[in-house]
């Protein structure tokens, strides 16, 4: 908030005092909380871990409302909370109808909620969730520098630092490249913050479609969306010279194959049937074919990585592609990335386990384990992943039913539920990529915010604290 206030003062946008007040209130509450809890043991076990993660995100979202309320940028509490939790969960769904009219300080704060949430998710996925025995990163626990035992391990700090350097480095690199490609420095910073967090908040009403006449900008964002959707541990391996470990990683190969295959399918259909804008920037190079495949590639990566940037309204391309992109909302990027969704690793292991069931049916006495990266995956992890998938789909159905009960049509209800739970951003129907969530009823916004939190924190983290036995003393 202090950084946003300084930027606000630099641009003289009129919101400096308001953002500063929000920062002061937040810091005072934090200092009082630290003073009150100074005598408590600094020991975190499983129960405390669940509470810290869930309530940490909620408290951040509550405090993050203050700049919007104090400045009057979003005077309604429901709308301000929706925008904030959408930011921290890196969903990117918005209720703002005129983004470009907002003060620069507020725009930066909006992007910073993405960036802070994205870094939190990396540390959560790599360091915290394996400690709690959930999430997709148990498989990396032995390879990545991380925790061990029932208490927070000192190596978590080392893990967080290394990932922080990579995260910051990517952000700085994208900012420089976007500036060189023709963006203003302010826009470049905001879009880099939103890209690396796979958030999707833009400083323009048209999102990245604002730069449809500058393909180079969109290609730069494509590259960094791909990196943000890749496991950040693999980036660490690559930077330390262990490139072979990256190339041999099953999830990375499947992730790349999915994006390549989905782009070919959608790009071919867009080229033949859809009407997409053709750039007047070097038209001899950036013609109709290039434009079609660029928009297809951009939207495939934006949806798969749950970034949510848009260069065109994919729901208007063809009915097939509308259903196609709806399906991609359930994919998600890699485990250990900033992307949301179910994650490629879970899909991969579910498919492998399903195929092996045919062999187990034929050879009832044989022990045929699921393997990942040539290592046996424990039954506990396989059951965890199957349980996650079933619970995810059940929550999607319940989410859509609630939105339908609130008056949304079928397409909008399923789109809004899938987008919120998967932290995607754009949805279908009345919540399509060129509109937003502003017309949702107040309860619908709170409900979608709840789905965002569930999806962002891997379902179990939030739901387990709602069970009565969680609070019983053992």
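In UniProt numbering, the protein residues as written are 1 to 474. Using N, Cα and C, we set each Cβ at its ideal position, and we do this for glycine too.
Let me confirm a value: residue i is counted as buried when at least 16 other C-beta atoms fall within 10 Å, else exposed. Which label applies?
i, result
"residue 215", "buried"
"residue 445", "buried"
"residue 363", "exposed"
"residue 147", "Any reading at residue 147 needs caution, since the residue's pLDDT is 28, under 50, leaving its predicted position unreliable; the model's value is listed next. Label assigned to residue 147: buried."
"residue 373", "exposed"
"residue 370", "buried"
"residue 160", "buried"
"residue 236", "buried"
"residue 417", "buried"
"residue 27", "exposed"
Relative to the C-alpha of residue i, which candidate in the options has its C-alpha closest?
i, options, result
"residue 225", "21, 187, 303 and 373", "303"
"residue 341", "441, 311, 388 and 14", "388"
"residue 195", "180, 243, 176 and 309", "309"
"residue 311", "319, 298 and 317", "298"
"residue 471", "50, 6, 2 and 181", "50"
"residue 270", "291, 21 and 82", "291"
"residue 121", "97, 90 and 105", "90"
"residue 325", "243, 403, 411 and 272", "411"
"residue 453", "40, 56, 26 and 22", "56"
"residue 400", "48, 431 and 386", "431"
"residue 457", "117, 93 and 35", "117"
"residue 10", "186, 407 and 218", "186"
"residue 171", "197, 162, 182 and 39", "197"
"residue 249", "230, 264 and 260", "230"
"residue 306", "352, 227 and 6", "227"
Determine the direct distance from the alpha carbon of residue j to that of residue i, and round the result to whole angstroms.
i, j, result
"residue 466", "residue 66", "27 Å"
"residue 247", "residue 255", "11 Å"
"residue 109", "residue 4", "5 Å"
"residue 262", "residue 328", "9 Å"
"residue 405", "residue 415", "14 Å"
"residue 344", "residue 319", "25 Å"
"residue 2", "residue 106", "11 Å"
"residue 16", "residue 23", "11 Å"
"residue 81", "residue 242", "42 Å"
"residue 323", "residue 267", "15 Å"
"residue 21", "residue 33", "18 Å"
"residue 473", "residue 47", "11 Å"
"residue 220", "residue 210", "15 Å"
"residue 73", "residue 101", "9 Å"
"residue 436", "residue 272", "29 Å"
Would you say residue i touches the ligand GDP, meaning its beta carbon is less than 8 Å from a heavy atom?
i, result
"residue 88", "You won't find the ligand GDP in this model; it holds no ligand whatsoever."
Does the distance from the C-beta atom of residue i to that of residue j stay below 9 Å?
i, j, result
"residue 251", "residue 334", "yes"
"residue 79", "residue 62", "no"
"residue 199", "residue 425", "yes"
"residue 258", "residue 331", "yes"
"residue 71", "residue 158", "no"
"residue 396", "residue 421", "yes"
"residue 99", "residue 202", "yes"
"residue 88", "residue 54", "no"
"residue 191", "residue 208", "yes"
"residue 86", "residue 455", "no"
"residue 92", "residue 384", "no"
"residue 391", "residue 463", "yes"
Assuming residue i and residue j make a contact with CB atoms under 8 Å, what is their CB distance in whole Å?
i, j, result
"residue 103", "residue 13", "4 Å"
"residue 356", "residue 368", "5 Å"
"residue 337", "residue 232", "6 Å"
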